[in-house]
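2 protein chains.
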Amino acid sequence: MPVRTQPENTLTPIPVPECSPRKYCGCVRAEDLDEKFPVVKIDSNALDAVRLLAEHRLNGLVVVTDTSETPFAVLPASQVVRFIVPGYVQDDPGLASVVTESMADHAAEKLGGKTIRDMLPKQRQHIPVAEADDTIIEVAEVMARLRSPLVAVVKDGKLHGVITASRLLSAALKEE
Amino acid sequence: MPVRTQPENTLTPIPVPECSPRKYCGCVRAEDLDEKFPVVKIDSNALDAVRLLAEHRLNGLVVVTDTSETPFAVLPASQVVRFIVPGYVQDDPGLASVVTESMADHAAEKLGGKTIRDMLPKQRQHIPVAEADDTIIEVAEVMARLRSPLVAVVKDGKLHGVITASRLLSAALKEE
Numbered sequence: 001m002p003v004r005t006q007p008e009n010t011l012t013p014i015p016v017p018e019c020s021p022r023k024y025c026g027c028v029r030a031e032d033l034d035e036k037f038p039v040v041k042i043d044s045n046a047l048d049a050v051r052l053l054a055e056h057r058l059n060g061l062v063v064v065t066d067t068s069e070t071p072f073a074v075l076p077a078s079q080v081v082r083f084i085v086p087g088y089v090q091d092d093p094g095l096a097s098v099v100t101e102s103m104a105d106h107a108a109e110k111l112g113g114k115t116i117r118d119m120l121p122k123q124r125q126h127i128p129v130a131e132a133d134d135t136i137i138e139v140a141e142v143m144a145r146l147r148s149p150l151v152a153v154v155k156d157g158k159l160h161g162v163i164t165a166s167r168l169l170s171a172a173l174k175e176e
Numbered sequence: 177m178p179v180r181t182q183p184e185n186t187l188t189p190i191p192v193p194e195c196s197p198r199k200y201c202g203c204v205r206a207e208d209l210d211e212k213f214p215v216v217k218i219d220s221n222a223l224d225a226v227r228l229l230a231e232h233r234l235n236g237l238v239v240v241t242d243t244s245e246t247p248f249a250v251l252p253a254s255q256v257v258r259f260i261v262p263g264y265v266q267d268d269p270g271l272a273s274v275v276t277e278s279m280a281d282h283a284a285e286k287l288g289g290k291t292i293r294d295m296l297p298k299q300r301q302h303i304p305v306a307e308a309d310d311t312i313i314e315v316a317e318v319m320a321r322l323r324s325p326l327v328a329v330v331k332d333g334k335l336h337g338v339i340t341a342s343r344l345l346s347a348a349l350k351e352e
């Protein structure tokens, strides 16, 4: 039996509403699977975003702009981790081992004055997005190709929800 | 407040043991942060591995061999999703939209006769591994560079535990 420990008193429980009584009936589409998920604005504080992700143990974040309801970027948790790696270590990974303990221990501190926009890659990346009526296979193909732990589902040009990898696998198993 | 829905009756609760009373004291090392995590053997059934990941909503799996206690591979959940994408769709993503509903709905079925070994990339990948005495920054650097949602921690040549991205961020915030 797998066991995971959790840091004490750091997690806010996420309310889990009752699942809608959907039948998995051989016509499962992305909009049937997606879930509500925290969304962060591109000009919001980077430290707040890291807190959100850490507290709720999320796989990643969906970034939106003020002017559009379609996702602007999807940040996997592994890429949010990049925020706490000093630039000179990203340029030369060998330097990670010479960062002193006190520098390592205050890694998140410097994010306070930065925004999500500051932290995004300079070149815009492909966004893992599916249309509301896409099948499990279409969502899986995007997720695997872009190596993203989540896919944003868009309906009528607006963010409808998010599908995580484990959610998708769970749905695929139900259809066996 | 973020809200996530969950599929009904599909999740087995993971027992959460009491956290050990570690002090975050400016000398946090990988072995202080890592958690127990399910490990799968390389010759185990691929379908069982998908079930494990889906049921416990894991970020990924650590793969070991029969002959060594060091990790052989780390499979992010997004790459396990690849298992349910037919090979011809992986080769030509445009074909995802022409997979019929009935094919999509039985995507997991064909995994029953396959092993994890069958599903690993032909060419062995870099493994996200940290030593027990690595700092937060060293773990973060590996995680970000290899875009992995988890890093396996090795002590004396043996798997000691796993650090997820959200766990690492949580630790970095504690040190502010």
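Residue numbers (this note's numbering), protein chains in the order written: chain B, 1 to 176; chain E, 177 to 352. Where is the CB? At the ideal position from N, CA and C, for every residue including glycine.
Relative to the Cα of V274(E), the nearest Cα in the group K286(E), A284(E), E285(E) and V261(E) belongs to V261(E). For I339(E), there is no enclosing alpha helix (DSSP H); the enclosing beta strand (DSSP E) has its first and last residue at K334 to T340. Listed in chain order, the beta strand (DSSP E) elements of length 3 or more contained wholly in the region 29 to 108 of chain B are 39 to 41, 60 to 64 and 73 to 76.
Per the Cβ contact rule, the region 37 to 48 of chain B is not in contact with the region 332 to 341 of chain E (fewer than 3 Cβ pairs under 8 Å). Chain E has a Cβ within less than 8 Å of the Cβ of S148(B). For Q79(B), the nearest CB of chain E lies under 8 Å from its own CB, placing it at the interface with that chain.
With at least 16 other beta carbons inside 10 angstroms of its own, E317(E) counts as buried.
Setting aside the 5 residues that flank it on each side, H126(B) is surrounded in the same chain by L146, each with a C-beta closer than 7 Å to its C-beta; the list follows chain order.
Along the region 45 to 58 of chain B, going in chain order, the ones with a CB nearer than 7 Å to a CB of chain E are V50, R51, L53, A54, H56, R57 and L58. Where A152(B) is concerned, the enclosing beta strand (DSSP E) starts and stops at L150 to K155. Residue range V129 to E131 is occupied by the beta strand (DSSP E) that includes A130(B).
Under a criterion of Cβ atoms nearer than 7 Å, no residue of chain B is adjacent to S244(E); the nearest Cβ is some 21 Å distant.
Between S78(B) and A253(E), the C-beta gap is not smaller than 8 Å, which leaves the two residues out of contact.
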